[in-house]
Amino acid sequence: MPRVALNTPAPDFTLPDFNGKTIKLSDFRGRAHVLLVFNRGFV
């Protein structure tokens, strides 16, 4: 994924949630906050 310039919207992407449901970043557009957690495991 290419870098995003500061103060520009992030590109849309799709990921599965913990229940297998597909979630898109655009599903949250217009909401106050979006929290992304990228767990790298316990190293």
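In the numbering used here, the protein residues as written are 24 to 66. Here a beta-carbon is modelled for each residue, glycine too, at the ideal position from N, C-alpha and C. Quick caveat, the model's predicted, so the values are computed rather than measured.
Candidates the options: closest to residue i by CA position
i, options, result
"Val60", "Gly53, Phe41, Arg54", "Phe41"
"Phe36", "Arg63, His56, Arg52, Asn62", "Arg52"
"Lys47", "Leu38, Arg54, Ala55", "Leu38"
"Ala33", "Arg63, Asn62, Val57", "Val57"
Beta strand (DSSP E) segment containing residue i, residue limits
i, result
"Lys47", "45-47"
"Leu38", "37-39"
As assigned by DSSP and simplified to three states, the class of residue i
i, result
"Phe61", "coil"
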